[in-house]
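**Q**
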């Protein structure tokens, strides 16, 4: 199992189909698992995908339409039922606080989990850990919606031949990494920059500045493509993207791996989304999401990558 991967729990927009559950996406990122937009049925999809309540460290809701949030009640109750021992942080639009509260207490249960609520009221950094910074950007939808971006700090890759040339080994390697200098040798002399990985999650929205800000330079972009370009007027009216628009954003933003999802029931064959994305010029790695699919994040960029 990859230490960093996207687990797709559902891919339908508005209504589920025989083959598409409502939305739900789990991002495994080393010791953390972030659950995005738990739509109806997410708890069961987690079971099928091998994602447990104990895995969850954060729940991120983009907006409070049912296909993105109705599964929240079951997920939060499961956190209590399973007595998850660590805190789980919930991020969601502050304007939807009443909906969050209704879902959290939709039925009677013994609340045994440790849930930290962190409503999002504006764009910017919403969480910082040693492993990543989580930011939110406002999107354009009939109800308030935020997309999420996870950015790992840049680091250094130690170069064994240079370390050996300077006689540095064992615990001294870690000391040099921490302190930046050891016996006159600087970290820059024995290492190469290691760009941090970047992931973005963009759901229901028209094209707007927030989409571009979220997508910029991402290793993986998970983005809605509810409609095809032939139905672009419908997409604009209802606050959605087409596969072609998503592809053009990914190309213009230097995205390495594009994951399309949130498909309208009017398109039974999801292969048409891949065709449209390629026709729109996206040449990178492309995945048309399917329920229960696991998608590893791309290997790290190296300093010589474009």
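Numbering (our numbering), first residue to last: 82 to 387.
Even for Gly, the Cβ is constructed at its ideal location relative to N, Cα and C.
#1: Are the segment 223–240 and the segment 270–280 touching, with three or more C-beta to C-beta distances below 8 Å?
#2: In the DSSP output, which residue or residues are listed as bridge partners for residue 200?
#3: Cβ-heavy atom distance between residue 190 and the ligand HEM below 8 Å?
#4: Residue 458 and residue 343 look like a contact to me (Cβ under 8 Å); what is the Cβ gap, rounded to whole Å?
#5: Could you tell me which residues DSSP puts in a beta bridge with residue 115?
#6: Taking residue 228 as part of the beta strand (DSSP E), name the residues at either end of that continuous run.
#7: If residue 148 sits next to residue 93, beta carbons under 8 Å apart, how far is it from one beta carbon to the other, in whole angstroms?
#8: If distances are taken between C-alpha atoms only, which option among 188, 359 and 321 comes closest to residue 345?
#9: Please identify the residue among 103, 228 and 146 whose C-alpha is closest to the C-alpha of residue 282.
#10: Which class does residue 236 belong to by DSSP, given the choice of helix, strand or coil?
#11: Taking just the CA atoms, how far does residue 138 sit from residue 309?
#12: CA-CA distance, residue 33 and residue 303?
#13: So who's on the other strand from residue 99, going by DSSP bridges?
#14: So, helix, strand or coil for residue 282, using DSSP?
#15: Output needed for residue 386: all residues of its chain with C-beta closer than 6 Å, excluding positions within five of it in sequence on either side, in chain order.
#16: Give the straight-line distance between the Cα atoms of residue 248 and residue 381, rounded to the nearest whole angstrom.
#17: Please give me, in chain order, every unbroken run of the alpha helix (DSSP H) with length at least 4 that falls completely inside the segment 245–332.
#18: Below 8 Å CB to CB, which residues in the same chain sit around residue 352 once its five sequence neighbours on both sides are set aside?
#19: List the endpoints of the continuous beta strand (DSSP E) containing residue 368.
#20: Leaving out five residues on either side along the sequence, give the residues of the same chain with a beta carbon under 6 Å from the beta carbon of residue 82.
#21: Three or more C-beta pairs closer than 8 Å, one from the segment 98–109 and one from the segment 216–226: is that the case here?
#22: Let me know if residue 191 comes out buried or exposed under the rule of 16 or more other beta-carbons within 10 Å of its beta-carbon.
#23: Quick one: give me the first and last residue of the beta strand (DSSP E) that residue 336 is part of.
#24: Return the chain-ordered list of same chain residues with a C-beta closer than 6 Å to the C-beta of residue 473, the five sequence neighbours on each side being excluded.
#25: Taking residue 178 as the reference, give the member of 194, 199, 170 and 168 with the closest Cα.
#26: Go to residue 132, then tell me how far its beta strand (DSSP E) extends in each direction, as first and last residue.
#27: If contact is defined by three or more beta carbon pairs under 8 Å, each pair taking one atom from either stretch, is the segment 156–164 in contact with the segment 180–190?
**A** Inspection of the coordinates gives the following:
#1: yes
#2: 173
#3: The ligand HEM is not among the ligands present in this structure, which contains no ligands whatsoever.
#4: Shown here, the chain extends from 82 to 387; a query on residue 458 therefore has no answer.
#5: 108 and 139
#6: 227–232
#7: 7 Å
#8: 321
#9: 228
#10: strand
#11: In a straight line, the C-alpha of residue 309 is about 35 Å away from that of residue 138.
#12: The structure shown does not extend to residue 33, since the chain is modelled only from 82 through 387, so no value can be given for it.
#13: Answer is none; residue 99 lacks a bridge partner.
#14: strand
#15: With a pLDDT of 46 at residue 386, under the threshold of 50, the predicted position of this residue should be treated as unreliable, though the coordinate-derived value follows. The answer is none, since no qualifying residue turns up.
#16: 28 Å
#17: 252–260, 290–296 and 313–319
#18: 369
#19: 366–369
#20: Low confidence applies to residue 82: its pLDDT is 44, below 50, so where it sits in the model is not reliable, and the reading given next is rough at best. Cβ within range, chain order: n/a, list empty.
#21: Counting Cβ pairs under 8 Å, fewer than three are found: no touch.
#22: exposed
#23: Residue 336 -> no beta strand (DSSP E), and no H or E assigned at all.
#24: No information on residue 473 is available, as it lies outside the stretch 82 to 387 that the chain covers here.
#25: 199
#26: Neither: residue 132 is in no beta strand (DSSP E) and is coded neither H nor E.
#27: yes
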